[in-house]
Amino acid sequence: MKQQQPKPLVLCEGKEDLLVIEALANHAGLENKLGFLQYGGKDRLRAYLHQLKASPEYARGEYSKILVTRDADLDFNRSWDALKGAVKEAFDCDVGEPGIWIKPGGAPELAAWIIPGPGKTGMIETLCVESSRTKAPEVFDCLDSFATCIVGIQGVALHEKARFEIWTIAAQGAGAKGRISLKYAIPNLPIDWNDETFTPLKKLLASIAT
Amino acid sequence: MISTLELKQFRGLEHVKFENLGRANLIIGGNNTGKTSVLEALTVLYGDQDQLKNLPKTFREQPKESEDSGAGFWRSLAKDEDPLNLLIRVNDGYVEGNTIEAVASNETLQFVRSKEETSNSSSRPVVIVQIGPGNDFGINRVLGKVRLSILATRQQDPRDVSELFNQIALLNPENETKLEELLCKAIEPRLRRLRYARPQGTNPHLVYADLGKAPMLPFTQLGQAFARTLEIYCKIFANQPKIILIDEIENGLYYEGMEDFWKGLMAVLEDQDVQLFATTHSRECIEAAQKAASAMGGDPLRFLRLDRRIDDPGKIVATTFGKEEMQTAIEFNREMR
């Protein structure tokens, strides 16, 4: 009987995070080398980690390493503390610093990571937009003007996610059906996967696969 | 109640430990991971003379003359060749000691119970199994304080269930009413009363159900779920055990009735101060137990899962978790069996 091999797992905050991080991993040559799961938003993280630890896959040793990610949103430190706390509560271990692998007794190696990166605020959408500015500045001239216009009309700034969504729709051309789906948008977006904003996360993903 | 259960070198289990056990403990896991072995270990700990004598065949279908139906079962109880490594340890409020170990001498397998970490601990034998020659074996059980009830996979003879029902009113007439109310709520809302009877021209005595229309019907005509539930309730009310073991608890239960079945069962367990250990393969049964536990409040349910490690398929690991973890898994459509 062929023995199953343990696989590294990346836990993502939501569907968008999963799609982008998986695409990044594929661009880094890690296709099919990592598993991805999403935990349905930061408020679900604690419950999800407890469930993961109780899952048959975890007990059978199917995960060689687990990377837990979440968005920084408006406060990096607060998000990092929340992430660390959730990991500690579920796995009874301290992850220390972002991206540093630790090996708790009897468990797979663990690391945690805040998106867009250490000390930064924002989310996965921030990372995508930042990486694409240089590659497709004309798109952002248009998008930024539109966002400024909306602020002028409504008196409030567009949420980062809304701006990202408009961008994904605008970048997809004429196809009507998949236009609001990030899954279909990713191949058409001018994301520069080699941009340095992705480098720390890409390195971290590569370190899971080894 | 038993709060922890640890098994070493028992049947196919090298070393597993279940902690934080609950009122209702549902043992789950893949094929051949040792679910039934957990029930067998509890029988060795708490079973009476007859339960121990029948243990080789209680949870496993064996040909009559099979080696495993007799002495072979006891010979193979220890996972490795040295039965001295076998250990079953529990924390409970029932017995003086909390560790049971095997002590072997030639053809005798002796289990002794000892109190852990006490300077003047005195070990005393609780079960002595004389093995062989051939397939023969003898059991000498030192009387235990804990009553154990066992329900195997197959359903009991309806006459035996009826006899159990007949004992309930004698022990406590209120319990008969309670049982009827629970059955009415959980399984059969038309039920008005149950009677132990032998109508003219019939044989033998059976439990008859009054559903509001004459004539009363024998309980065997009310479906497998009703029969299975009545059997379990009768075991609890008539035998008044502290622990009940049920192998493949979903047997005879249809999906729609499972949640109600669990609600009724958990209510009886709480009411009668009984702890349940049951095995199941059924995802529907697991989800029904989860829903029933969530609806009832409190924290009565634990899932005890056994898994085979992929890096060492000979090694089985134990995981204990509660309704929150199961609820999250259901929400994310994650398999937890």
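For the protein sequence lines, the chains are A and B, in the order given.
At position 200 of the first sequence the residue is numbered 200 (the numbering used here), and the sequence of numbers has no breaks.
At position 300 of the second sequence the residue is numbered 1300 (the numbering used here), and the sequence of numbers has no breaks.
Where is the CB? At the ideal position from N, CA and C, for every residue including glycine.
Owing to the predicted nature of the structure, the values given are computational and were not obtained by experimental measurement.
Could you compute how far the alpha carbon of residue i sits from the alpha carbon of residue j?
i	j	result
B/Asn1333	B/Pro1199	51 Å
B/Lys1263	B/Lys1291	9 Å
A/Gly119	B/Phe1321	36 Å
B/Pro1204	B/Arg1159	7 Å
A/Asp81	A/Lys42	12 Å
B/Glu1231	B/Gln1156	8 Å
B/His1281	B/Leu1021	20 Å
A/Leu83	A/Ser207	20 Å
B/Leu1109	B/Phe1137	10 Å
A/Gly155	B/Arg1305	55 Å
B/Lys1017	B/Val1090	10 Å
B/Ser1037	A/Thr121	53 Å
B/Thr1118	B/Met1001	Caution is warranted here: a pLDDT of 44 is assigned to B/Thr1118, below 50, making its placement in the model unreliable, and the coordinate value is therefore given only provisionally. Distance between the alpha carbons of B/Thr1118 and B/Met1001: 22 Å.
A/Asp144	A/Pro190	16 Å
A/Tyr184	B/Lys1057	59 Å
B/Gln1257	B/Arg1228	In the sequence as displayed, the identity of residue 1257 of chain B is Gly instead of Gln. Distance between the alpha carbons of B/Gly1257 and B/Arg1228 is about 12 Å.
How would you label residue i, buried or exposed, when you count the other beta carbons within 10 angstroms and need 16 or more for buried?
i	result
B/Arg1190	exposed
B/Ile1247	Note on identity: in this sequence residue 1247 of chain B is Asp, with Ile being the wrong assignment. With 16 or more Cβ atoms within 10 Å of its Cβ, B/Asp1247 is classed as buried.
B/Ser1162	buried
B/Thr1175	Per the sequence shown, the amino acid found at residue 1175 of chain B is Asn instead of Thr. Buried.
A/Ile153	exposed
A/Gln4	exposed
A/Ile100	exposed
B/Thr1328	buried
B/Gln1009	buried
A/Gly61	buried
B/Arg1141	buried
B/Lys1242	buried
A/Arg163	buried
So for residue i, helix, strand or coil by DSSP?
i	result
B/Asn1120	For B/Asn1120, the predicted structure reports a pLDDT of 48, less than 50, and the residue's modelled location is therefore unreliable. A value from the coordinates is still provided. Residue state, collapsed to three classes: coil.
B/Val1207	strand
B/Ser1037	helix
A/His159	coil
A/Trp101	coil
A/Cys128	helix
B/Gln1110	strand
B/Phe1010	strand
B/Val1161	helix
B/Gln1156	coil
B/Gly1297	coil
B/Asn1054	helix
A/Ala107	coil
A/Leu19	helix
A/Trp193	coil
B/Leu1077	coil
B/Glu1335	coil
My assumption, with CB atoms under 8 Å, is that residue i sits in contact with residue j. Please give the rounded CB distance.
i	j	result
B/Ile1316	B/Gly1012	7 Å
A/Leu52	A/Leu205	Contact flag wrong, Cβ pair sits at about 19 Å.
B/Asn1166	B/Tyr1196	4 Å
A/Thr168	A/Leu182	6 Å
B/Ala1041	B/Leu1269	That belief does not hold up - the Cβ atoms of B/Ala1041 and B/Leu1269 are roughly 20 Å apart, past 8 Å.
What in chain E is Cβ-close to residue i, meaning under 8 Å?
i	result
A/Ala209	Here chain E cannot be found, since the structure's protein chains are A and B.
Near-chain A residues of the stretch 1286 to 1319 of chain B (beta-carbon distance less than 7 Å), N- to C-terminal order | Within the stretch 1286 to 1319 of chain B, Arg1305, Asp1307, Arg1308, Arg1309, Ile1310, Asp1311, Val1317 and Thr1319 place their CB atoms closer than 7 Å to a CB of chain A, listed in sequence order.
Residues from the stretch 56 to 86 of chain A in contact with chain B, defined by Cβ distance under 7 Å = Answer in chain order: Pro56, Ala59, Arg60, Gly61 and Glu62.
Selection of the stretch 6 to 36 of chain A by Cβ proximity to chain B, strictly under 8 Å | Flagged, chain order: Pro6.
Residues in the stretch 155 to 171 of chain A having any Cβ partner in chain B nearer than 7 Å | Residues of the stretch 155 to 171 of chain A with a C-beta less than 7 Å from any C-beta of chain B: none at all.
Against chain B: residues of the stretch 178 to 194 of chain A by CB proximity under 9 Å = Here the close residues number zero.
Determine which residues of the stretch 1202 to 1219 of chain B have a Cβ less than 7 Å from any Cβ of chain A, and write them out in chain order.
-> Under the 7 Å Cβ criterion, the stretch 1202 to 1219 of chain B contributes no residue.
Taking Cβ-Cβ distances below 9 Å as the criterion, which residues of the stretch 1263 to 1283 of chain B are in contact with chain A?
-> Within the stretch 1263 to 1283 of chain B, no residue qualifies.
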